[in-house]
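Taking it in order: structure first as structure tokens, then the write-up.
Residue numbers (the working numbering), protein chains in the order written: chain A, 3 to 312; chain B, 15 to 684.
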């Protein structure tokens, strides 16, 4: 019995290697535009952990699945050659193995979790010789506001960043929960009203990326996406300089208008911004965004989308 | 007078809910008409609606669960087709409608499909396996069922009067506060879940008591079948966490009704608290569902391998381990909220530790088959399909428990694929396996094997065709709950996923055909012996269908696998045990209190949703009055005369004698 078991395991190991290679290939193919094709250090580390953890577990579960199917097939009722042991229901040795395999795997994964959680804590500044660029992010119904405090400009639904520079995002929400997520740059984090979360990311090279909200926030959620342009630092400086020369000013009145619900908003650039606006929003000195207007719906109990459909 | 309710609450301008409602109303009227025409009302009223028999209540739970499963599946079809067509296009469902559909899908599938099905099996099977005649509190059991049905009714009413929640299956504030959701949708959610949640809590109390206090002589804890252990563990979790759900939803209701500030974004409220509280219930909820599913698989692996469950004590330990650790993992649902590395590490590790318990179970099931004679009947196919599907779902679950990996795929289609992987692969497969397994015990005939196998294969492949693309889309960065998609590269995978739903739909049709064919051919499929699968636990000692008093005399259990012991002794000695002395049996009288209470609870819920305060007060008072009248009842029980008991049991003994002779003849030829 043990002999047949060990031969099954040996066979499983060979198949495992092939299956693991196949799985990695499938992941690589599928990730050609997503989180497995990172453009910066955070995304690279996150996705390496994702792949490593997958491989560690595949090494256990592929043999397990094969063992299950092999046992079910070998001991099928019609196979008279297999020995029937109707009372074999306990074996201390098997039990020891059965508890050890998952415990050892999870201890290993536990180490990955522990180290990874500290090293990739979103609040932790990135190691770099380049001083970070601070960007303040406000999620609104249903668009993103980006404030560049050092440059004194702001944008809506468009994020321009210098390549090779760590970006320190400080994130809040003016209405409901959202999650700030640029898949190819790495980690996401929630945007929450009355609170400020931090996220440190970097794009190593110029690229055009998609950013989005990854937490459902209402009717306009599907269009709550923004364009991310990672550009060479010189181009970024030129862009910021140019932005200061044109467009409107984001003062509190302009913000009040912006905070109202709207769908599918095209990118906007503001040439100047109230320097304490972010702080006023995140501490709620400016009250939370109004939500649906008018507050009293036309139809009893049923909401209507004020901004209409797109 | 009527609060917020007026004619404009009815969506006359929206064809989909309107037509659905018309069809539903016609079907209901047709069924009611048929029942009236055939004169079935007295039978339905006396034998089912007012029944306190755990088997009848179990069957009604399962019926409710199956109906709601179909309703939830219809939502799933709409979601998958909408996303497949709405690429750089609006699709056919407006956001305000689509958002209701995914909210309703999740709410229905968890609260009104999976829960009634799991509780239905707990009801039907546990007392039979424990060798007793009913649960600890039979009338409370009936109240539990009808309150669950009341919640399901409110969810369905929202289709036609007003709207359902548009906030997801867990209404996260501040989106679910009146400032951002002024409609009645969230209120429908709150009161439907509150009313059914009270029913579930009572079920938990009932089954903890039943398993601890109501076992037949000799049925010590370590002789209980695995399913009873999982019922106990699941009920313990219910008792521990459902009060959290009730309190959390009550706080949200206070925010919405009276403008309080538990979870608002401003004025000192804290929405993060809602997320912590709701998941302190929500994660254990997953194990409330999956532990009884594990119990079902344990029974099936053992029975169809012709062997005792391998490592029984190990399995008990693993079950209780999961029961406890399940309550320590909730924060993994929001690693991305920024709790800091220490907190994330602690919850990441506690989450992966649960995989130890499930891993042990998987290996023990494999070794149960080892050295057995595995019969590939329909329940066994579902069980093997479960091992494959659940192990992969478990792997992606541990991936999501690694915070840096979760930072990439949190809230993505990868997550959606993961939890369907474990809940469909774990719970739904178990329920279909269990339906096939225990159907003969409930109705006296087996289900058609060929159609059952067809249903399995279509469901299994359909599942993987649906959800593999979602894993890939999640890795490509697609987030969940998108009413339309702005990235055209995602469309091929979305179309493939929609095709998968079509394949599952064929599986569903096969299940319906299986049921119809089985009913038509019930005489060929009849289970005369009461033991169609060569079973091992006490439910197979009863005739099929089991009499309302389950056991004529209390079984006396002398070891693990009580019925297997009785059967082995009978085969060895070539005769049944001596005929017992029959005595009258006391059984609880049927009671309309459950139906009555739930009817008024529905009225109360509806009145609260529309803020018709006088009606809410009236309904609540009437519901309580039902309990008061019940509490002062004079007659609790009725006697089944010894002759009736003897008659039923002699028929059973005759059938067993035939089975014994057949087995002896088989032995002789072998």
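Every residue gets a Cβ at the ideal spot worked out from N, C-alpha and C, and that includes glycine.
Query raised in the report: What residues in the segment 497-520 of chain B have a beta carbon less than 8 Å from any beta carbon of chain A?
Result: 497, 498, 499, 500, 501 and 503
Requested in this report: Any chance you could list the beta strand (DSSP E) runs of at least 3 consecutive residues sitting entirely within the segment 573-657 of chain B, in chain order?
Outcome: 599-602 and 651-654
Query raised in the report: Starting from residue 48 of chain B and walking both ways along the beta strand (DSSP E), at which residues does that stretch end?
Result: It is not in any beta strand (DSSP E) - residue 48 of chain B instead sits in the alpha helix (DSSP H) that spans 29-52.
Query raised in the report: From which residue to which residue does the alpha helix (DSSP H) around residue 279 of chain A run?
Result: 279-284
Requested in this report: Look at residue 202 of chain B and residue 172 of chain B and say whether their C-beta atoms are less than 7 Å apart.
Outcome: yes
Report task. Might you give, ordered along the chain, the residues of its own chain that have their beta carbon closer than 8 Å to the beta carbon of residue 275 of chain B, omitting 5 neighbours on each side? Result -> 269, 281, 282 and 283
**Report entry** Continuous alpha helix (DSSP H) assignments of at least 4 residues falling wholly in the segment 310-365 of chain B
**Finding:** 326-339
Query raised in the report: Among residues of its own chain, excluding the 5 on either side of residue 413 of chain B, which ones have a beta-carbon nearer than 7 Å to its beta-carbon?
Result: 419
Query raised in the report: Quick one: what does DSSP say residue 136 of chain A is sitting in, helix, strand or coil?
Result: strand
Query raised in the report: Does DSSP put residue 451 of chain B in a helix, in a strand, or in coil?
Result: helix
Query raised in the report: At what residues does the beta strand (DSSP E) containing residue 201 of chain A begin and finish?
Result: 199-203
Query raised in the report: With distances taken from CA atoms, which of B:493, B:387 and B:578 is nearest residue 82 of chain A?
Result: B:387
Query raised in the report: According to the Cβ coordinates, are residue 295 of chain B and residue 258 of chain B closer than 7 Å?
Result: yes
Query raised in the report: Does the beta carbon of residue 147 of chain A sit closer than 7 Å to a beta carbon anywhere in chain B?
Result: no
Report task. Out of A:175, A:80, A:71 and A:149, point me to the one whose CA is closest to residue 142 of chain A's CA. Result -> A:175
Query - Supposed close pair residue 143 of chain B, residue 242 of chain B - CB separation, criterion 8 Å - result: 5 Å
**Report entry** Three-state secondary structure assigned by DSSP to residue 180 of chain A
**Finding:** strand
Query raised in the report: Is DSSP giving residue 257 of chain B helix, strand or coil here?
Result: helix
Query raised in the report: If you draw a straight line from the C-alpha of residue 26 of chain A to the C-alpha of residue 187 of chain B, how long is it?
Result: At residue 26 of chain A the pLDDT is 48, less than 50, meaning the model places this residue with poor confidence and gives no usable figure here.
Query raised in the report: Among B:599, B:50, B:102 and B:93, which one has its Cα closest to the Cα of residue 266 of chain A?
Result: B:102
Requested in this report: Evaluate contact between the segment 81-92 of chain B and the segment 490-502 of chain B, counting only Cβ atoms and requiring at least three cross-stretch pairs below 8 Å.
Outcome: no
Query raised in the report: Alpha carbon to alpha carbon, what distance is there between residue 441 of chain B and residue 254 of chain B?
Result: 21 Å
Query raised in the report: Would residue 51 of chain B be called buried (16 or more neighbouring beta carbons within 10 Å of its own) or exposed?
Result: exposed
Query raised in the report: Taking Cβ-Cβ distances below 9 Å as the criterion, which residues of the segment 189-220 of chain A are in contact with chain B?
Result: 189, 190, 191, 192, 194, 195, 196, 197, 199, 200, 201, 212, 214, 215, 216, 217, 218, 219 and 220
Requested in this report: Use the C-beta contact count for residue 43 of chain B: other C-beta atoms within 10 angstroms, 16 or more gives buried, fewer gives exposed.
Outcome: exposed
Query raised in the report: Nearest CA to the CA of residue 533 of chain B: which residue from B:457, B:591, B:549 and B:470?
Result: B:457
Query raised in the report: By Cβ distance, which residues of its chain are closer than 7 Å to residue 374 of chain B, with the 5 residues on each side in sequence left out?
Result: 328 and 332
Query raised in the report: Which residue comes first and which comes last in the beta strand (DSSP E) that contains residue 130 of chain A?
Result: Where residue 130 of chain A is concerned, there is no enclosing beta strand (DSSP E), given that its DSSP letter is neither H nor E.
Query raised in the report: Looking at the C-beta of residue 232 of chain A, does it have a partner C-beta in chain B at a distance below 7 Å?
Result: no
Query raised in the report: Under 7 Å between C-beta atoms, does residue 477 of chain B make it to chain A?
Result: no
Requested in this report: Would you kindly work out how many angstroms separate the C-alpha atoms of residue 103 of chain A and residue 199 of chain A, rounded to a whole number?
Outcome: 39 Å
Requested in this report: Using the Cα positions of residue 158 of chain B and residue 216 of chain B, report the straight-line distance between them to the nearest angstrom.
Outcome: 6 Å
**Report entry** Cross-strand partners of residue 78 of chain B (DSSP beta bridge)
**Finding:** None, per the DSSP bridge assignment.
Query raised in the report: Buried or exposed: which applies to residue 354 of chain B, given that a residue is buried once 16 or more other Cβ atoms fall within 10 Å of its Cβ?
Result: exposed
Query raised in the report: Taking contact to mean at least 3 C-beta pairs separated by less than 8 Å, is the segment 634-643 of chain B in contact with the segment 582-593 of chain B?
Result: no
Query raised in the report: How long is the line joining the alpha carbons of residue 264 of chain A and residue 192 of chain B, rounded to whole angstroms?
Result: 19 Å
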